[in-house]
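The structure appears below as structure tokens.
Okay, here's the thing in structure tokens:
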């Protein structure tokens, strides 16, 4: 089961819908931009406000008397460090070959259609253009027949020849210790998730896999405890020896049905097959001490013990 991540998922479902606006002639779009700045600072400073701004098609257009000579593109990505950890970074890239982009920015809005539209959002990187005096602005982008960014602008941005001039680390996504262990930096306590709505008997067989396993320990912050899907933060982890997993598995197998309990775990263990196939085992290390095996036929819930939790904690 996937864990929570800093990381961001893209919308993959494409929906077809009729555009409500009637067909009309294409126009120049919003008025020419008046948000002109004297000098560029940096991507890190200009995009420091986390609140979403207007959509590119809503911004004022490039003024007719503004002649771009350079473009700055700000982008986010995950970078892997030399120690194996990962950071989310902001990249500032620059380019001076802007003729094709300038031409695309001066295109008008396409005539609106009353036909079917592909409603999957078409994205474009955040960018600003500078003139010879160093002044800059973020220009609006013409809309296509469905109100999305015109493909000509997206293509022009994607084809820019850019050089990276600055890299700003925004935060750690995965620690070096998590990377070495094979564990994720964040993961959900699925025992808490499946029992959030009340006791769940789950009479299915409890049959943890006998193959090699990885053990990951997570701490659940107070703000997550008791939520419908408690998120845990990596504490430590490693691949277990064959004997260590054999002993822990043997201690789990006699467990009976989970007992009624309303306590919330502040720590939990995740056992994962090292081949990353199905068969995870979750164990609450405090609270109710319940165990959950996520098998091919569904989830099986059992009652663990404080002694088992201590044995697991000492396994690393």
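Residue numbers (our numbering): 58 to 373. Every residue, glycine too, gets a C-beta built ideally from N, C-alpha and C. Since this is a predicted model, take the numbers as computed values, not measurements.
Compute the Euclidean distance between the alpha carbons of residue 168 and residue 216, then round it to the nearest angstrom. Residue 168 and residue 216: Cα-Cα distance of roughly 26 Å.
Length of the line joining the Cα atoms of residue 332 and residue 242: Straight-line Cα distance between these residues: approximately 18 Å.
Pop quiz: residue 342 and residue 273 are said to be a contact at Cβ under 8 Å. What is the actual Cβ separation, rounded to whole angstroms? About 12 Å; that fails the 8 Å criterion.
Just curious, the alpha helix (DSSP H) that residue 159 is in, first and last residue? 156-162
In chain order, which alpha helix (DSSP H) runs of at least 4 residues are fully inside the region 168-247? 208-215 and 233-238
According to DSSP, simplified to helix, strand and coil, what is residue 350? Residue 350: strand per DSSP, three-state reduction.
Mind checking residue 367: buried by the 16 CB within 10 Å criterion, or exposed? exposed
Three-state secondary structure assigned by DSSP to residue 133: Note: residue 133 maps to strand in three-state DSSP.
Sorted by chain position, which residues of the same chain lie with C-beta nearer than 6 Å to residue 19's C-beta, five sequence neighbours on each side aside? Nothing about residue 19 can be reported from this structure: the residues present for the chain run from 58 to 373 only.
In three-state terms, what does DSSP make of residue 293? Residue state, collapsed to three classes: strand.
Cut-off 6 Å between Cβ atoms - residues of its own chain near residue 129, not counting five sequence neighbours on either side: 151 and 185
Exposure of residue 337, with buried meaning 16 or more beta-carbon neighbours within 10 Å: buried
Count the other C-beta atoms from every protein chain shown that fall within 10 angstroms of the C-beta of residue 316, then say buried if there are 16 or more, exposed otherwise. exposed
Quick check: the Cα distance between residue 135 and residue 294, rounded to an integer number of angstroms? Each residue's Cα considered, the two are about 22 Å apart.
Would residue 230 and residue 145 be called neighbours here (beta carbons separated by less than 7 Å)? yes
Report the option in 104, 92 and 143 whose CA atom is closest to the CA atom of residue 182. Of 104, 92 and 143, the residue nearest in Cα terms is 104.
Can you tell me which of the three DSSP states residue 78 falls into? Because the pLDDT of residue 78 is 34, which lies under 50, any placement of that residue in the model is unreliable, and the number read from its coordinates should be weighed accordingly. DSSP places residue 78 in coil when its eight states are reduced to three.
Residue 180 versus residue 114 - alpha carbon distance: 11 Å
Going by DSSP, what residues sit across from residue 282 in a beta bridge? Residue 282 pairs with nothing; no bridge assigned.
Other residues of its chain near residue 201: CB distance less than 6 Å, five sequence neighbours each side excluded: 167 and 207
For residue 302, which residues of its own chain have a beta-carbon under 6 Å away from its beta-carbon, when the five flanking residues on both sides are left out? 270
Can residue 267 and residue 277 be called in contact, C-beta distance under 7 Å? no
In the DSSP output, which residue or residues are listed as bridge partners for residue 127? According to DSSP, residue pairing for residue 127 in a beta bridge involves 187.
Integer-rounded CB distance, given that residue 213 should sit under 8 Å from residue 158: 4 Å
For a test of the three-state rule: what should DSSP assign to residue 372, helix, strand or coil? coil
DSSP beta-bridge partners for residue 328? 272 and 338
When 110, 165 and 372 are compared against residue 204, the one with the closest alpha-carbon: 165
Of the residues 139, 199, 291 and 249, the one placed nearest residue 160, counting alpha carbons only: Among 139, 199, 291 and 249, the Cα nearest to that of residue 160 is on 199.
Measure the C-alpha to C-alpha separation of residue 133 and residue 147 and round it to an integer number of angstroms. 5 Å
For residue 197, which of 118, 137, 174 and 228 has the nearest alpha-carbon? 118
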